[in-house]
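Just so you know, we're using my numbering here: the sequence shown kicks off at 950 and counts up by one. Where is the CB? At the ideal position from N, CA and C, for every residue including glycine. Predicted, not measured: the structure shown is a model, and the values here were computed from it. A short worksheet on the structure shown next.
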Amino acid sequence: MYQEIDFDKIDLSQEPPIDEPSRQYFFMAQCREFIRSESARLGRVPTYSIQTFGCQMNAKDSEKLAGILQGIGYAAAKTEEADFVLYNTCTVRENANTRVYGRIGYLGRLKRTKNPDMKIALCGCMMQEEHVVAKIKKSYPFVDLIFGTHNIYKLAELLYRQIRARGMVVDIERESAKIVEELPSERKFDFKAGVNIMYGCNNFCSYCIVPYVRGRERSRRPEDIIREMQEMAENGVTEVMLLGQNVNSYGKTFNTPISFAKLLQMAEKVEGIKRIRFMTPHPKDLSDELIEVMAKSEKICRHVHLPVQSGSSRILKLMNRHYTKEDYLALVGRIRAAMPDVALTTDIIVGFPGETEEDFMQTMDLVERVRYQNAYTFLYSPRANTPAAAMENQVPQAVAKERYDRLIGRIRDISQEIAQQDAGKTMEVLVEEVNAQREGFMTGRLGNNLLVHFPAGEFFVENGQAWEKNLKDKKDLQHLLGKYIKVQLTECMGFYYIGVPVNEP
Ligand code: 5AD
Ligand code: SF4
950 MYQEIDFDKI DLSQEPPIDE PSRQYFFMAQ CREFIRSESA RLGRVPTYSI QTFGCQMNAK
1010 DSEKLAGILQ GIGYAAAKTE EADFVLYNTC TVRENANTRV YGRIGYLGRL KRTKNPDMKI
1070 ALCGCMMQEE HVVAKIKKSY PFVDLIFGTH NIYKLAELLY RQIRARGMVV DIERESAKIV
1130 EELPSERKFD FKAGVNIMYG CNNFCSYCIV PYVRGRERSR RPEDIIREMQ EMAENGVTEV
1190 MLLGQNVNSY GKTFNTPISF AKLLQMAEKV EGIKRIRFMT PHPKDLSDEL IEVMAKSEKI
1250 CRHVHLPVQS GSSRILKLMN RHYTKEDYLA LVGRIRAAMP DVALTTDIIV GFPGETEEDF
1310 MQTMDLVERV RYQNAYTFLY SPRANTPAAA MENQVPQAVA KERYDRLIGR IRDISQEIAQ
1370 QDAGKTMEVL VEEVNAQREG FMTGRLGNNL LVHFPAGEFF VENGQAWEKN LKDKKDLQHL
1430 LGKYIKVQLT ECMGFYYIGV PVNEP
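See below:
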C-alpha cells in the first residue's frame, strides 16, 4: 500500500512515467512546486476544502482526494473560504443536483469578491452526465477543474494540467477498468474506516443512475483488501465498513471466483479489527452462506442494510429488482432465524411510475411485517436516460408526497418501539465523537448502529481496569475517542439512547 514518498527525490526534468501510481507521484511532486511558490507569494500555506454529497462511496473517495491534496502540500481549511474548493457530487436524485448548482453559484461569488485565485473543482457522479458538464461550461465558466468518478486518482495530474492551462480543464472517462491504489488517503476517523471492495454496479434497477455514472462492476483482489485492512489495523483502526454498490456480487468476475461470505471470513482473521460492517447487499442474491458466516461471527455487526425499494411485487418487477415481496420476506425470515437480535434497515422509494394506492399499501404492509430499525425513504426522482424516467403513469408529486408522509410516520413509530426493546440493557459502544450539543457528553455507536449519548465523567473500564475521572475538559474527552466501553441504555429517545458508562469489564 501507500508508503510515504520522498517527493523531493523525484526528477521533474524527466518525462512523466506511464505507469501508475508512479505517474501520480510525479505530478504530486510537480504540484508541490506550485504550492511552494504560492506559499511564498501568499505568505501562508494555501488551503483546501472538500464538500462531499451522497453516499459512503463518495465519502471514501473524498478521503482519497484529501490525501492527495495534503500530499501536494495544501492545508485543510475550516470553511469553504479556501484556495482549492472541491465538490464531490451525487446525482442519485435530482435534489442533490439542485443543491450543488446553488452552491457552485455561491462559490463563484466567493471567488469574485474574496479570492480571485481560488480554484474551484467538481468531481463525482454528477460530472459523469454530459448535460451537467455542458451546463457548467455554459453557466459557471469560473469553474477550474471537472473530473468524474473513474479518475479521482488523477487529481494531481489534472491539477497540474489546470495550473499550466489556466482555463477550465475537463477530464471525464466514460468507463474505467483500472483500479489505481497506493495513493495517500486522509481518513476522517482514526479508529474506523471504509474499505472499497468493489466499484460500479451491473444491476440496472430501472430508476437508478448509478450503473451509468459508476460503470461496470469491478472487484478488488482479496489480498489487496486484506492488506489494506491489516495496515489500517496497525494504524489503530478497529472498525471497518466494506463498501460496494452490491457486495453480494463481490468476486464473481474473477477467474477463480470467491464469494463475499468468504471475503468476510478472511476479513475476520485480521488482528486488531473488532467490528466489521458492510454496505450494500442486494436482496436478490444475499446467500445463506453469508447469513451463516454472519451468525457465527464475533466481529461482523448484527446489522443488515437491506434495501427493499417497494413492497409491491408488481412495482419490484418494473424496478428490475429480481425479487418479489414474498422472496424478500422469506429472506428476512432466514436472517432473523439465524440472528434474532439483528437490526434491519432499508431504503424505500415512494411514487415510482405507475405506483397505485394498492401498490403503496403493499409497501406499508411490508414495513409492518419487517419492522425495520430504520428506513431511508425517498420520493421517486426521474433520472436522465434511465428506463423508469421514460415510463408512462408518472405519479403526481402531491400523491407521492402524501404517501411518503404516511410511510415515514409509520416507520418512525415502529423504529421507536424497536429501540425501546433494548432500553435498560448494558451494551458496548465504540466512542466516536465528543458530543457537540451537550457539554461533557460523548457519543458512541452500538453494534446495531444506533447511537448512544452518555456523560463522560463517570466510571470507565479500560483494558479490564476500572478508573474514574471527572472529565470536563475537551482534551480529556478526546482521549476516549476510539475506545470500546460498556454503557447502560437508560433512556430511549426514539432513534438514539441516553446512557451511562458501566463499571464492569
Ligand atoms: N429516485 C429516488 N430514489 C432513488 N434511489 C436511487 N435512485 C433513485 C431515484 N431515481 C434510492 C434507492 C437507493 C438509494 C441509495 O437511493 O432507494 O437504494
Ligand atoms: Fe442502483 Fe440498483 Fe445498482 Fe443499487 S443495485 S446502485 S439501486 S442499480
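Asked: So Lys905 is in the beta strand (DSSP E); what residue range does that whole segment cover?; Found: Residue 905 is absent from the model: the chain starts at 950 and stops at 1454.
Asked: Under a three-way DSSP split, which group does Glu1377 fall into?; Found: strand
Asked: Can Tyr1321 be considered in contact with ligand 1, in the sense that its beta carbon sits closer than 7 Å to one or more heavy atoms?; Found: no
Asked: Going straight from the alpha carbon of Glu1306 to that of Val1299, what length do you get?; Found: 11 Å
Asked: Please classify Glu1012 as buried or exposed, where buried requires at least 16 neighbouring CB atoms within 10 angstroms.; Found: buried
Asked: What does the alpha-carbon distance come out to for the pair Met977 and Ile1017?; Found: 8 Å
Asked: When the Cα atoms are used, what is the spatial distance from Lys1218 to Lys1233?; Found: 28 Å
Asked: For chain B, is any of its Cβ atoms less than 8 Å away from the one on Thr1335?; Found: Reference to chain B is not applicable here, since this structure consists of a single protein chain.
Asked: Roughly how far, in whole angstroms, is the beta-carbon of Gln1005 from the beta-carbon of Gly1143, given that I think they are within contact range, below 8 Å?; Found: 6 Å
Asked: Ligand 2 and Cys1150: does any heavy atom of the ligand fall closer than 7 Å to the residue's C-beta?; Found: yes
Asked: Determine the contact status of Arg1320 and Leu1278, defining contact as a CB-CB distance below 8 Å.; Found: no
Asked: For Cys1441, which residues does DSSP report across the bridge?; Found: Tyr1446
Asked: Per DSSP, Ala1025 forms a beta bridge with which residues?; Found: Tyr997
Asked: Under 6 Å, CB to any heavy atom of ligand 1. Which residues pass, going along the chain?; Found: Val1041, Arg1042, Tyr1156, Cys1157, Pro1256, Gln1258, Asp1296, Ile1298, Phe1327, Tyr1329, Ser1330 and Arg1332
Asked: According to DSSP, is Ile1085 helix, strand or coil?; Found: helix
Asked: Ignoring anything shorter than 3 residues or poking outside the segment 1229-1290, list the beta strand (DSSP E) runs there in chain order.; Found: 1252-1254
Asked: Would Phe1403 and Gly1373 qualify as a contact pair, given that the criterion is a beta-carbon distance under 8 Å?; Found: no
Asked: What do you reckon, are the CB atoms on Ile1021 and Cys1072 nearer than 8 Å?; Found: no
Asked: When the Cα atoms are used, what is the spatial distance from Asn1152 to Ile1240?; Found: 22 Å
Asked: Quick one: is the Cβ of Gln1194 within less than 7 Å of any heavy atom of ligand 2?; Found: yes
Asked: Measure the CB-CB distance between Thr996 and Tyr1036 and report whether it falls below 8 Å.; Found: no
Asked: Classify His1252 as buried or exposed, calling it buried when 16 or more other Cβ atoms lie within 10 Å of its own Cβ.; Found: buried
Asked: Can you tell me which of Thr1335, Met1243, Glu1247 and Gln1194 puts its alpha carbon nearest to the alpha carbon of Arg1283?; Found: Met1243
Asked: At the level of alpha carbons, what is the spacing between Asp957 and Arg1123?; Found: 34 Å
Asked: So, under 8 Å CB-CB, Ala1368 and Cys1441 are touching, yes? Tell me the CB distance rounded to an integer number of Å.; Found: 5 Å
Asked: With a threshold of 7 Å (Cβ to nearest heavy atom), would His1231 be considered close to ligand 2?; Found: yes
Asked: Among all the DSSP beta bridges, which residues are the ones paired with Ala1292?; Found: His1252
Asked: So, helix, strand or coil for Arg972, using DSSP?; Found: helix
Asked: Need the endpoints of the beta strand (DSSP E) that Phe1138 sits in, please.; Found: Element bounds for Phe1138: n/a, residue is neither H nor E.
Asked: Which ranges would you report for the beta strand (DSSP E) in the segment 1336-1377 if only whole runs of at least 3 residues count?; Found: none
Asked: Beta-carbon within less than 7 Å of Pro966's beta-carbon, same chain only, minus the 5 sequence neighbours each way: which residues are those?; Found: Arg972 and Phe975
Asked: Hey, out of Gly1051, Glu1382, Gly1396 and Glu953, whose CA is closest to Gln1322's CA?; Found: Gly1396
Asked: Contact check, Ser1168 vs Gly1200 under 8 Å by CB: the rounded distance?; Found: 5 Å
Asked: If Glu1166 sits next to Ser1208, beta carbons under 8 Å apart, how far is it from one beta carbon to the other, in whole angstroms?; Found: The pair is not a contact, with the Cβ atoms about 14 Å apart (cut-off 8 Å).
Asked: Please list the terminal residues of the continuous beta strand (DSSP E) segment that includes Val1401.; Found: Leu1400 to Pro1404
Asked: Return helix, strand or coil for Ile1158, following the three-state DSSP convention.; Found: coil
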